[in-house]
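Peer 1: Be aware that the sequence shown starts at 770, since it is given in the numbering used here, and climbs by one per residue. The C-beta atom is built at its ideal place from N, Cα and C for all residues, glycine as well.
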Amino acid sequence: MRKIPQGKDITIEFECQFRVNLQSSDFSSIMKAFLILLPQLLEDFFQKVLVGFGEYEMALEKKSFECKCCGNDTEFIWKTRHGKATRILTWFRWITLKQLQVQCKPCGSKMYITRMLLGMEPRKRVPEETRRKLALMGALTSYRVSEKIGKMFGWAVDKMTIWKSVQQIGAKMDFVLDGNEEPRGEADGTGIGITGIAKRGKELKVLVQYKKGGGIRVAGIDIGNYNGSWEKLFQRSLEVIKGFKQPFLLLTDGDTTIFESLKGKVTILIQRCLWHIPYQAQYVLWKDGAKRKSMEWLYVVAELMEICAIRPLVDCQDTIQAMIASKRARLEKVIGYCKEKEYMHTATYIENARGDMFTAIENRLEGKTTSRVERLFRTVNMRVNVSKWSMEGALNVTKVRLAYYYNGFDA
Ligand SMILES: [Zn+2]
770 MRKIPQGKDI TIEFECQFRV NLQSSDFSSI MKAFLILLPQ LLEDFFQKVL VGFGEYEMAL
830 EKKSFECKCC GNDTEFIWKT RHGKATRILT WFRWITLKQL QVQCKPCGSK MYITRMLLGM
890 EPRKRVPEET RRKLALMGAL TSYRVSEKIG KMFGWAVDKM TIWKSVQQIG AKMDFVLDGN
950 EEPRGEADGT GIGITGIAKR GKELKVLVQY KKGGGIRVAG IDIGNYNGSW EKLFQRSLEV
1010 IKGFKQPFLL LTDGDTTIFE SLKGKVTILI QRCLWHIPYQ AQYVLWKDGA KRKSMEWLYV
1070 VAELMEICAI RPLVDCQDTI QAMIASKRAR LEKVIGYCKE KEYMHTATYI ENARGDMFTA
1130 IENRLEGKTT SRVERLFRTV NMRVNVSKWS MEGALNVTKV RLAYYYNGFD A
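(1) Phe834 bridges to which residues according to DSSP?
(2) In whole angstroms, what separates the C-alpha of Lys1056 from that of Tyr1112?
(3) Rounded to whole angstroms, how far is the Cβ of Gln936 from the Cβ of Gly1124, which I believe are closer than 8 Å?
(4) Taking the alpha carbon of Met827 as the reference point, which residue from Tyr881, Gln1049, Val987, Lys1110 has its own alpha carbon closest?
(5) Considering only heavy atoms of ligand 1, does any lie closer than 7 Å to the CB of Asn841?
(6) As an exercise, report each continuous alpha helix (DSSP H) stretch of at least 4 residues that is fully enclosed by the segment 1085-1109, in chain order.
(7) In terms of residue numbering, what span does the alpha helix (DSSP H) encompassing Leu1007 cover?
(8) Going by Cα to Cα distance, which pick from Glu784, Ile931, Ala956 is closest to Glu1143?
(9) I want to know whether the segment 900-918 touches the segment 832-845 - three or more CB-CB distances under 8 Å.
(10) Excluding the 5 residues flanking Gly923 on each side, which residues of the same chain have their C-beta closer than 6 Å to its C-beta?
(11) How far does the beta strand (DSSP E) with Arg913 in it reach, from first residue to last?
(12) Got a sec: does ligand 1 put a non-hydrogen atom nearer than 7 Å to the Cβ of Ser878?
(13) Please say whether Leu1002 and Lys974 have beta carbons closer to each other than 8 Å?
(14) Is the beta carbon of Pro952 within less than 7 Å of some heavy atom of ligand 1?
(15) With distances taken Cα to Cα, identify the nearest neighbour of Ile992 among Arg986, Glu1000, Thr780.
(16) Rounded to the nearest angstrom, what separates Phe814 and Thr865 at their Cα positions?
(17) In whole angstroms, give me the CA-to-CA distance for Thr1148 and Ile990.
(18) Among residues of its own chain, excluding the 5 on either side of Gln868, which ones have a beta-carbon nearer than 6 Å to its beta-carbon?
(19) Assuming Gly821 contacts Ile781 (C-beta within less than 8 Å), just tell me the rounded distance between them.
(20) In three-state DSSP terms, what is Tyr1118?
(21) Report, in whole angstroms, the separation of the C-beta atoms of Ala925 and Arg862, which I expect to be a contact under 8 Å.
(22) How about Met906 and Ile938: are their beta carbons less than 8 Å apart?
(23) Assuming Ala1050 contacts Thr1117 under a Cβ cut-off of 8 Å, what Cβ separation, rounded to an integer in Å, is found between them?
(24) Tell me the residue span of the alpha helix (DSSP H) that contains Lys801.
(25) Report, in whole angstroms, the separation of the C-beta atoms of Ile1010 and Tyr1175, which I expect to be a contact under 8 Å.
(26) If Cys785 and Cys839 are in contact, beta carbons under 8 Å, what's the gap, nearest whole angstrom?
(27) Are Ala1172 and Met942 closer than 8 Å when you measure CB to CB?
(28) Between Gln978 and the rest of its own chain, which residues show a CB-CB distance below 6 Å, the 5 nearest in sequence each way excluded?
(29) What do you get for Cys1085, buried or exposed, if any count of 16 or more other CB atoms within 10 angstroms of its CB means buried?
(30) Between the alpha carbons of Val1155 and Val895, how many angstroms are there, rounded?
(31) What number of angstroms, rounded off, separates the C-alpha of Cys836 from the C-alpha of Pro875?
(32) Following the continuous alpha helix (DSSP H) through Ala1163, name the residue where it begins and the one where it ends.
(33) Nearest to Phe944 by alpha carbon, out of Leu1007, Glu890, Cys1042?
(34) What does Lys867 pair with, by DSSP beta-bridge criteria?
(35) Does the beta-carbon of Cys785, which I'm using as the reference point, lie nearer than 7 Å to any heavy atom of ligand 1?
(36) Decide if Glu916 is buried, meaning its Cβ has at least 16 other Cβ atoms within 10 Å, or exposed.
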């Protein structure tokens, strides 16, 4: 220590002297004693490294910082190497550092260089790396459990700090389609439980994109009202959609409002999620007053199940055409039947869906017609239902969680 180093590598010689009183040599006593020692050791270590690199900077002709008042970046003198205390959060615990302060020779103004050396923004107390770790932990499990796990391993970090980290990291995350992956994806929404907001009052909307090597990635996410706009989900991706050589094929469970906002802007082929149709039909049948498992109910549901079952691996174009024609004819019959029975919700529902049911197969895009967002929603729901959330809070924790599971976010 204390020597002005030649290169940028700095060797810290660390002689350590501390006093701690132990009454036993058992494992837990040693661990407990070490946790008392740890902050001292960590603080000293940080301080020594910072001073070492501070000295190195001061020995440089041109500094990597400049005076905020006059722009000078060459002439500085030390004000102090152990100045006013400041706290930062490492992932062992909070530590207190004595700030390094220099003075600009030409204009006399003083500045701290501690955070510059740490690669942190001015006045920030939680480094980005610590934030990411806390955010990931808080997104994977409840805040209470996060706090508990931290404490078990000697990281005394409170729920509030974990919550804040999730919010900050989540708020900065953006999801957008990737022009290098498949021009195919799915959009879907699901009701989420937010305390204080009735279940099914709010909807989590997600756009996923298929990856070339298989699997999916998240390309858009929003929480909003049921039947609200899907615009936000796609807005950031419009340019990417335009850049694809083929039209973008989107699988969805139905809501045509998804595309009202996109009409005329980009070409998107829509494929209804066929898996959903018979299930959603049961809901509209109920609205129409059709008795569950009555003859009428069974006819409509069974027909839809058959119409929506697509045989994979049929590669003869004529056969495909004939299959679709047959399915269309059966669908018309079901619609006619519903009208006859005055199941108007059901008739309207099927009429709205029919235009987009066979897009993928007609375009021979071998699009999978069952939803992969379903699975994703199960992943999300596990976390969103467990605590109290504001909408913003729920969105942020979901973003971090999905980024970890699907987009390679790690900490
Ligand atoms: Zn200056």
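Peer 2: Answer, in terms of the structure:
(1) DSSP, once it has assigned bridges, lists no residue as partnering Phe834.
(2) Cα atoms of Lys1056 and Tyr1112: separation of roughly 9 Å, rounded to the nearest angstrom.
(3) Actually they are not in contact, since the Cβ atoms of Gln936 and Gly1124 sit about 42 Å apart, beyond 8 Å.
(4) For Met827, the closest C-alpha among the options Tyr881, Gln1049, Val987, Lys1110 is that of Tyr881.
(5) Correct: Asn841 has its Cβ closer than 7 Å to ligand 1.
(6) Within the segment 1085-1109, the complete alpha helix (DSSP H) segments of 4 residues or longer fall at 1086-1109, listed in chain order.
(7) 1007-1012 is the extent of the alpha helix (DSSP H) around Leu1007.
(8) Minimum Cα-Cα distance from Glu1143 among the listed residues Glu784, Ile931, Ala956 corresponds to Ala956.
(9) Inter-segment contact for the segment 900-918 and the segment 832-845 is absent: fewer than three beta-carbon pairs are separated by less than 8 Å.
(10) The residues are Leu804.
(11) If you look at Arg913, you'll find it isn't in any beta strand (DSSP E); it sits in the alpha helix (DSSP H) that goes 912-921.
(12) Checking every heavy atom of ligand 1 against the Cβ of Ser878, one is found closer than 7 Å.
(13) It is a contact, given that the beta carbons lie within the stated cut-off.
(14) Every heavy atom of ligand 1 is 7 Å or more from the Cβ of Pro952, so no.
(15) The candidate whose alpha carbon is nearest that of Ile992 is Glu1000.
(16) One C-alpha to the other measures close to 11 Å.
(17) The alpha-carbon separation between Thr1148 and Ile990 amounts to approximately 14 Å.
(18) The beta carbon of Gln868 sits closer than 6 Å to those of Gly852, Lys853, Thr855, Tyr881, Thr883, all from its chain and outside the five residues before and after it, given in chain order.
(19) Right, their Cβ atoms sit about 6 Å apart.
(20) In the structure shown, Tyr1118 adopts helical secondary structure according to DSSP, grouped into three states.
(21) In this structure, Ala925 and Arg862 form a Cβ contact; the two beta carbons are roughly 6 Å apart against a cut-off of 8 Å.
(22) Cβ atoms of Met906 and Ile938: not closer than 8 Å.
(23) Ala1050 to Thr1117, Cβ: 11 Å. No contact.
(24) 796-828 is the extent of the alpha helix (DSSP H) around Lys801.
(25) Rounded, the Cβ-Cβ distance is 19 Å, inconsistent with contact.
(26) Cys785 to Cys839, Cβ: 41 Å. No contact.
(27) In contact: Ala1172 and Met942 (Cβ atoms closer than 8 Å).
(28) Cβ within range, chain order: Leu946, Glu950, Gly954, Arg986, Ala988.
(29) In summary, Cys1085 is exposed, with fewer than 16 beta-carbon neighbours lying within 10 Å of its beta-carbon over all protein chains present.
(30) Residue placement at Val1155 is poorly supported in this model, since its pLDDT is 47, which falls under 50; the coordinates still yield a value, given next. Taking the straight line joining both Cα atoms gives about 26 Å.
(31) When rounded, the distance between both Cα atoms is 10 Å.
(32) First-last of the alpha helix (DSSP H) with Ala1163: 1160-1175.
(33) The option with the nearest alpha carbon to Phe944 is Leu1007.
(34) For Lys867, which the question treats as bridged, DSSP gives the partners Ala854.
(35) No, ligand 1 has no heavy atom inside 7 Å of this Cβ.
(36) A residue is called buried once 16 or more other Cβ atoms fall within 10 Å of its Cβ, and Glu916 is buried on that count.
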